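Colleague: Under our numbering, the first residue of the sequence shown is numbered 301, with each subsequent residue one higher. Below you will find the structure I want to go over with you.
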Amino acid sequence: MNMPLLNQDDVDALRQKVDAFTQGPNGIPGLVCVVVDSKGEHIFDHVSGTRGSGISKPMTFDTTFWMASCTKLVTTIAALQLVEQGNVALDSEEDIQRILPELSDVMVLSEDESGDLKLVPRERNITLRMLLTHTAGFGYSFSNPKIKKWYDPAGIDEFDDQELDVYSQPLVNQPGTIWEYGVNTDWVGRLIERVSNVSLGTYFQSNILGPLQVSRTTFLPTPEMKDGLAYMHTRGVESGTIKISDEGHPMRRPLRQLAGGTKTAFGQSGGAGLFSNPAQYSKIIAMLLNKGKDAQSSCRILQEKTVEEMFSNQIPQFPDYARYQDSPWNPPQGWGLGSFLLLEPGSTGRAAGSGWWSGLSNLIWWADPTNGIGGILATQILPYGGVDTDVFDCQRLIEGETYRSVFKKRSRQN
Numbered sequence: 301m302n303m304p305l306l307n308q309d310d311v312d313a314l315r316q317k318v319d320a321f322t323q324g325p326n327g328i329p330g331l332v333c334v335v336v337d338s339k340g341e342h343i344f345d346h347v348s349g350t351r352g353s354g355i356s357k358p359m360t361f362d363t364t365f366w367m368a369s370c371t372k373l374v375t376t377i378a379a380l381q382l383v384e385q386g387n388v389a390l391d392s393e394e395d396i397q398r399i400l401p402e403l404s405d406v407m408v409l410s411e412d413e414s415g416d417l418k419l420v421p422r423e424r425n426i427t428l429r430m431l432l433t434h435t436a437g438f439g440y441s442f443s444n445p446k447i448k449k450w451y452d453p454a455g456i457d458e459f460d461d462q463e464l465d466v467y468s469q470p471l472v473n474q475p476g477t478i479w480e481y482g483v484n485t486d487w488v489g490r491l492i493e494r495v496s497n498v499s500l501g502t503y504f505q506s507n508i509l510g511p512l513q514v515s516r517t518t519f520l521p522t523p524e525m526k527d528g529l530a531y532m533h534t535r536g537v538e539s540g541t542i543k544i545s546d547e548g549h550p551m552r553r554p555l556r557q558l559a560g561g562t563k564t565a566f567g568q569s570g571g572a573g574l575f576s577n578p579a580q581y582s583k584i585i586a587m588l589l590n591k592g593k594d595a596q597s598s599c600r601i602l603q604e605k606t607v608e609e610m611f612s613n614q615i616p617q618f619p620d621y622a623r624y625q626d627s628p629w630n631p632p633q634g635w636g637l638g639s640f641l642l643l644e645p646g647s648t649g650r651a652a653g654s655g656w657w658s659g660l661s662n663l664i665w666w667a668d669p670t671n672g673i674g675g676i677l678a679t680q681i682l683p684y685g686g687v688d689t690d691v692f693d694c695q696r697l698i699e700g701e702t703y704r705s706v707f708k709k710r711s712r713q714n
């Protein structure tokens, strides 16, 4: 693929370094990375390894990935289109009560000093801005012990596409009082469906994916996409051993569903339901780098001022809302509409105001509007985060080397 901003020596050297991460019995089994500019041109791309540990089928640019929480970016874009159209306002409690009346009845899960749980009334109503900034009060069972305890011993799983496991949850915080990652964006997806009167996947295709010519991106993978699916892996927390998951794929329900068939048993999760690949997903990132307009087709997806708002800090009142491995130096933090924001330049070369987020199965995307650079690294390994430091190290390597090469070439041109 075309690499307009890097010389071939830099490309070859970086590919060799990335390949080192997929070597050995416990290396990353396989990965795909794509780095783009605002025109949608590939600055760097690479595939390495195989679709599964011990599997001979190689990774390709068409390999299908469960995008997990990378779905949230697309859902956010869709919601902001509805805001632009005047169908819903970011700060209107009344709009949420009208469109999602069931949220008027949701209560807050509280734990007393003895560890007993009870439901208490909400002190204020929820807005779309709260849902998009994870300040509405919802959580996730994998990160909030109150939710897990509330649903034990039967348990709960937000990622098997059972609507009940998402939309029956109580709040874990009073709305607007704290940032907590949770099922907020799933509720945004339901809002989009009710306002548009079509399924979330249909809305995405008509208003985002189709106009951007993004293919092979859907909640219900086609037979061809299923044939190219990357295997889900687990890495031992203590041993570091990596293997194909014994429990199968977290999203096996939609994977078993016939594409285009009638779907009533589960929902299209705006928080974590998409399947795609990095080459296609990067077209969405490029559109944001180009201020909401696709440089290839001249199709506008979002207004420029909306994209600026996406990359503006929405929660200055919560400067220390989360600390992740990608931020070991403890920098100032922000959250935009749909992503984590860097409030000062990053160590890899990202400018202040860059957004990024990730997916549960260790996928990471970023968009740097200032420098016009963004990209995504995709793997399929559980659990997320600190257990698999190789993924984060590989991401930082790709970013750092790409920025270094781009800055070097730009300085020579000036």
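Ideal Cβ placement from N, Cα and C applies to all residues, glycine included. In this text the structure is predicted, and so the values were computed from the model without any measurement.
1) Which residues does DSSP list as the beta-bridge partners of residue 418?
2) Ends of the beta strand (DSSP E) at residue 335?
3) Start and end of the beta strand (DSSP E) containing residue 349?
4) Compare the C-alpha of residue 333 against each of 327, 326, 342, 325 and name the closest.
5) Just list the alpha helix (DSSP H) runs in the segment 511 to 587, keeping only unbroken ones of 4 residues or longer that don't cross its boundaries, in chain order.
6) Leaving out five residues on either side along the sequence, give the residues of the same chain with a beta carbon under 8 Å from the beta carbon of residue 317.
7) For the beta strand (DSSP E) that contains residue 678, what are its first and last residues?
8) Taking 8 Å as the threshold (C-beta atoms), are residue 358 and residue 419 in contact?
9) Spatial neighbours of residue 476 within its chain, please: CB distance less than 7 Å, with the 5 preceding and 5 following residues excluded, ordered by chain position.
10) Can you say whether residue 421 is buried or exposed, counting buried as having 16 or more other CB atoms within 10 angstroms of its CB?
11) Name the DSSP bridge partner or partners of residue 667?
12) Here's the rule: buried if 16 or more other CB atoms are within 10 angstroms of the residue's CB, otherwise exposed. What is residue 464?
13) If you draw a straight line from the C-alpha of residue 501 to the C-alpha of residue 518, how long is it?
14) Quick one: using the 10 Å Cβ neighbour count with 16 as the cut-off for buried, is residue 669 buried or exposed?
15) Helix, strand or coil, according to DSSP, for residue 318 in the structure here?
16) So, at 8 Å on beta carbons, what are the nonlocal neighbours of residue 384 in its own chain, with the 5 sequence-adjacent residues on each side left out?
17) What are the start and end residues of the beta strand (DSSP E) that includes residue 641?
18) Just to confirm, is the Cβ distance from residue 542 to residue 535 under 8 Å?
19) Could you say if the segment 522 to 534 and the segment 676 to 692 meet the contact criterion of at least three C-beta pairs nearer than 8 Å?
20) Would you identify the three-state DSSP class for residue 593, choosing helix, strand or coil?
21) Within a Cβ cutoff of 6 Å, which residues of the same chain sit near residue 346, ignoring the five residues on either side of it in sequence?
22) Pull up the distance between the alpha-carbon of residue 598 and that of residue 510, whole angstroms please.
23) For a test of the three-state rule: what should DSSP assign to residue 352, helix, strand or coil?
24) Within a Cβ cutoff of 7 Å, which residues of the same chain sit near residue 592, ignoring the five residues on either side of it in sequence?
25) Give the secondary structure of residue 611 by DSSP, where H, G and I count as helix, E and B as strand, and everything else as coil.
26) Put residue 606 into one of helix, strand or coil per three-state DSSP.
27) Can you tell which of 650, 661, 524 has the C-alpha that lies nearest to the C-alpha of residue 363?
28) Secondary structure at residue 424, three-state DSSP: helix, strand or coil?
29) By the DSSP assignment, the beta strand (DSSP E) with residue 635 in it spans what residues?
30) Buried or exposed for residue 527, please, with buried defined as at least 16 other CB atoms from any protein chain shown within 10 angstroms of its CB.
31) By a C-beta neighbour count over all protein chains shown, 10 Å radius and 16 as the cutoff for buried, is residue 703 buried or exposed?
32) With burial defined as no fewer than 16 other Cβ atoms inside 10 Å of the residue's Cβ, what is the status of residue 308: buried or exposed?
33) Whole angstroms are fine: how far does the CA of residue 504 sit from the CA of residue 376?
34) Which of the three DSSP states is assigned to residue 490 in this structure?
Modeller: Short version:
1) Translated into positions along the sequence shown, residue 418 becomes position 118. Paired residue(s): 410.
2) Translated into the one-based positions of the sequence shown, residue 335 becomes position 35. Taken as a continuous stretch (DSSP letters only), the beta strand (DSSP E) holding residue 335 covers 330 to 337.
3) Along the sequence shown, read from residue 1 onward, the residue named residue 349 stands at position 49. Start and end: 342 to 349.
4) Start at 1 with the first residue of the sequence shown, and residue 333 comes out as number 33. For the residues 327, 326, 342, 325, the minimum Cα distance to residue 333 belongs to 342.
5) 523 to 527, 552 to 556
6) Position 17 of the sequence shown holds residue 317. Excluding residues within five positions, the ones whose Cβ falls inside 8 Å are 697, 701.
7) Residue 678 sits at position 378 when you count from the first residue of the sequence shown. Residue range 673 to 678 is occupied by the beta strand (DSSP E) that includes residue 678.
8) Here residue 419 corresponds to residue number 119 of the sequence shown, with the count starting at 1. Here residue 358 corresponds to residue number 58 of the sequence shown, with the count starting at 1. Contact flag unset, no.
9) Taking the sequence shown and counting its residues from 1, one reaches residue 476 at position 176. Excluding residues up to 5 positions away in sequence, 424, 430, 435 lie with their Cβ nearer than 7 Å to the Cβ of residue 476 in the same chain.
10) By one-based count along the sequence shown, residue 421 stands at place 121. Residue 421 is exposed by the Cβ-count criterion.
11) On the sequence shown, position 367 is the one that residue 667 refers to. The partner list for residue 667 (beta bridge, DSSP) reads 655, 674.
12) If you number the sequence shown from 1, residue 464 lands on position 164. Residue 464 comes out exposed.
13) The sequence position of residue 501 within the sequence shown is 201, counting from 1. The sequence position of residue 518 within the sequence shown is 218, counting from 1. Their backbone Cα atoms lie some 7 Å apart in a straight line.
14) Working through the sequence shown from its first residue, we reach residue 669 at position 369. Label assigned to residue 669: buried.
15) Counted from its first residue, the sequence shown places residue 318 at position 18. Correct three-state label for residue 318: helix.
16) Along the sequence shown, read from residue 1 onward, the residue named residue 384 stands at position 84. Within the same chain, residue 384 has close Cβ partners 602, 603, 606.
17) Translated into positions along the sequence shown, residue 641 becomes position 341. Per DSSP, residue 641 belongs to the beta strand (DSSP E) from 640 to 642.
18) Position 242 of the sequence shown, counted from the first residue, corresponds to residue 542. Position 235 of the sequence shown, counted from the first residue, corresponds to residue 535. Contact flag set, yes.
19) yes
20) Along the sequence shown, read from residue 1 onward, the residue named residue 593 stands at position 293. Looking at residue 593 - three-state DSSP - the assignment turns out to be strand.
21) The count along the sequence shown starts at 1 and reaches residue 346 at position 46. Counting only Cβ-Cβ distances below 6 Å, and skipping sequence neighbours, we find 315, 318, 333.
22) Sequence index remark: in the sequence shown, residue 598 carries index 298 (1-based). Sequence index remark: in the sequence shown, residue 510 carries index 210 (1-based). For residue 598 and residue 510, the distance between alpha carbons rounds to 13 Å.
23) Working through the sequence shown from its first residue, we reach residue 352 at position 52. If DSSP states are grouped into helix, strand and coil, residue 352 belongs with coil.
24) Counting from one through the sequence shown, the residue named residue 592 turns up at place 292. These residues qualify, in order along the chain: 600, 601, 602, 603, 604, 606, 607.
25) Start at 1 with the first residue of the sequence shown, and residue 611 comes out as number 311. Residue 611: coil per DSSP, three-state reduction.
26) For the purposes of this step, residue 606 is identified with residue 306 of the sequence shown, where counting begins at 1. Looking at residue 606 - three-state DSSP - the assignment turns out to be helix.
27) Here the question's residue 363 lines up with position 63 in the sequence shown. Nearest option by C-alpha distance: 524.
28) For the purposes of this step, residue 424 is identified with residue 124 of the sequence shown, where counting begins at 1. For residue 424, the secondary structure class from DSSP, reduced to helix, strand or coil, is coil.
29) Indexing the sequence shown from 1 puts residue 635 at position 335. Its beta strand (DSSP E) spans residues 633 to 635.
30) Taking the first residue of the sequence shown as position 1, residue 527 is located at position 227. The residue in question, residue 527, is exposed, as its Cβ has fewer than 16 Cβ neighbours within 10 Å.
31) Locating residue 703 in the sequence shown gives position 403, where the first residue counts as 1. Result: buried.
32) Position 8 of the sequence shown, counting from 1, holds the residue named residue 308. That one is exposed.
33) The sequence position of residue 376 within the sequence shown is 76, counting from 1. The sequence position of residue 504 within the sequence shown is 204, counting from 1. Roughly 11 Å between the two C-alpha positions.
34) By 1-based counting over the sequence shown, the position of residue 490 is 190. In the structure shown, residue 490 sits in a helix (DSSP, three-state: H, G or I).
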